[in-house]
Amino acid sequence: MARALAGGLVRTGAVEPGAIAACARDWEKLRRNTEPEGMVPLADAAAVADFADVVVVAVKPHQVEAVLAPVRERLLGKIVVSVVAGYTFERYEALLAPGTHHLSTVPNTPVAVGEGIVVCERRHSLSQAEWTAVRGLLEHVGLVMEVDTPLLGIAGTICGCGPAFVAMFVEALGDAAVKHGIPRADAYRMASQMIVGTGKLQLESGTHPGAMKDAVCSPGGTTIVGVAELERKGFRGAVIDAVDAIQSKR
Ligand SMILES: NC(=O)c1ccc[n+]([C@@H]2O[C@H](COP(=O)([O-])OP(=O)(O)OC[C@H]3O[C@@H](n4cnc5c(N)ncnc54)[C@H](OP(=O)(O)O)[C@@H]3O)[C@@H](O)[C@H]2O)c1
Numbered sequence: 222m223a224r225a226l227a228g229g230l231v232r233t234g235a236v237e238p239g240a241i242a243a244c245a246r247d248w249e250k251l252r253r254n255t256e257p258e259g260m261v262p263l264a265d266a267a268a269v270a271d272f273a274d275v276v277v278v279a280v281k282p283h284q285v286e287a288v289l290a291p292v293r294e295r296l297l298g299k300i301v302v303s304v305v306a307g308y309t310f311e312r313y314e315a316l317l318a319p320g321t322h323h324l325s326t327v328p329n330t331p332v333a334v335g336e337g338i339v340v341c342e343r344r345h346s347l348s349q350a351e352w353t354a355v356r357g358l359l360e361h362v363g364l365v366m367e368v369d370t371p372l373l374g375i376a377g378t379i380c381g382c383g384p385a386f387v388a389m390f391v392e393a394l395g396d397a398a399v400k401h402g403i404p405r406a407d408a409y410r411m412a413s414q415m416i417v418g419t420g421k422l423q424l425e426s427g428t429h430p431g432a433m434k435d436a437v438c439s440p441g442g443t444t445i446v447g448v449a450e451l452e453r454k455g456f457r458g459a460v461i462d463a464v465d466a467i468q469s470k471r
């Protein structure tokens with residue numbers, strides 16, 4: 222996730238690569254993931270905290286406490302932005318030094334190409350100026366949305382897990398296209414662009430998705446035959462069940 226975010230910030234021109242530093246446990250891998258892009262590998266979290274004004278916490282949830290404990294004091298006066306699932310405002314209040322300015326977010330991997338979503342917990346301890354600056358930075362890599370704390374989990378499921386569902390859909394459409402004679406690489410490009418365009422149309426027009434579906438289904442036409450088949454196979458119910466399954470695991 223850190224690579225996706227850093228890559229998106231550089232790609233969209235929001236931040237110079239030399240202004241981004243990172244640490245990890247595997248030094249050689251860290252160098253491979255940073256130096257070719259012009260980013261700075263650093264030995265540990267303390268060095269990153271000293272280097273940066275905005276420190277992004279992007280380790281796995283079970284690693285957060287061990288990584289932050291030695292740098293608590295160094296993070297005072299910095300802006301701490303978390304992308305760690307399940308680590309909301311209250312948890313950081315207990316973990317960070319009192320008075321640390323922090324914000325919890327849930328980004329998704331399309332931030333790497335500037336088309337992500339960064340869902341932000343409405344409750345944070347950034348000043349108004351810091352929030353405006355961080356929001357401006359994040360807007361370079363995607364749509365920034367604020368939600369109340371209880372909705373952060375489901376927002377994370379839709380935005381963070383959703384790309385896996387969509388990738389499965391792209392793969393399925395690709396298989397179907399290949400079955401009917403389209404070369405696989407072309408099939409994936411068609412399917413992905415169709416999804417990008419449909420999403421963009423919905424975002425820009427605000428049209429109800431049902432109306433968008435209806436607009437493509439002419440009476441007695443071909444699309445409605447496919448829609449009916451998807452309904453028979455429980456397409457929408459399967460998606461809702463998948464989200465329920467993730468929520469019950471959180
Ligand atoms: N993947 C997503 O789509 C997504 C979406 C939203 C939020 N998130 C959140 O992003 C966070 C990271 O997920 P991920 O999938 O990117 O995991 P990941 O690939 O395992 O990345 C975790 C990174 O943390 C580093 N790390 C672990 N312990 C460290 C330590 N003691 N000191 C310094 N660095 C350390 C790891 O370094 P090494 O590789 O060298 O061990 C690795 O670079 C998670 O909390 C997750 O909830 C992920």
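Each residue of the sequence shown is one higher than the one before, counting from 222 in this note's numbering. The C-beta atom is built at its ideal place from N, Cα and C for all residues, glycine as well.
Cβ-heavy atom distance, residue i to ligand 1, below 6 angstroms
{"i": "Asp271", "result": "no"}
{"i": "Lys299", "result": "no"}
{"i": "Lys281", "result": "yes"}
{"i": "Thr353", "result": "no"}
{"i": "Gln284", "result": "yes"}
{"i": "Cys341", "result": "no"}
{"i": "Gly383", "result": "no"}
{"i": "Thr330", "result": "yes"}
{"i": "Ala463", "result": "no"}
{"i": "Arg477", "result": "The first residue shown for the chain is 222 and the last is 471, placing residue 477 beyond what the model contains."}
{"i": "Val288", "result": "yes"}
{"i": "Val267", "result": "Residue identity check: residue 267 is Ala in the sequence provided, not Val. Because no heavy atom of ligand 1 lies under 6 angstroms away, the Cβ of Ala267 does not count as near it: no."}
{"i": "Ala240", "result": "no"}
Burial state of residue i, where buried means 16 or more other Cβ atoms lie within 10 Å
{"i": "Lys299", "result": "buried"}
{"i": "Ile338", "result": "buried"}
{"i": "Glu237", "result": "exposed"}
{"i": "Leu358", "result": "buried"}
{"i": "Ser325", "result": "buried"}
{"i": "Thr415", "result": "Contrary to the premise, residue 415 reads as Met rather than Thr in this sequence. Exposed is the call here."}
{"i": "His345", "result": "buried"}
{"i": "Leu373", "result": "buried"}
Helix, strand or coil at residue i [DSSP, three-state]
{"i": "Ala306", "result": "coil"}
{"i": "Ala242", "result": "strand"}
{"i": "Ile375", "result": "helix"}
{"i": "His361", "result": "coil"}
{"i": "Pro440", "result": "coil"}
{"i": "Ser445", "result": "For clarity, residue 445 is Ile in the given sequence; the question names Ser instead. Residue state, collapsed to three classes: helix."}
{"i": "Met366", "result": "strand"}
{"i": "Thr326", "result": "strand"}
{"i": "Gly229", "result": "helix"}
{"i": "Ile403", "result": "coil"}
{"i": "Gly337", "result": "strand"}
{"i": "Glu450", "result": "helix"}
{"i": "Glu342", "result": "strand"}
{"i": "Gly320", "result": "coil"}
Cutoff 7 angstroms: residue i Cβ touching any chain B Cβ
{"i": "Cys382", "result": "The structure shown has no chain B; it contains just one protein chain."}
In the stretch 244 to 305, which residue ranges form an unbroken beta strand (DSSP E) of at least 3 residues, counting only runs that do not cross its ends?
-> 275 to 278, 300 to 303
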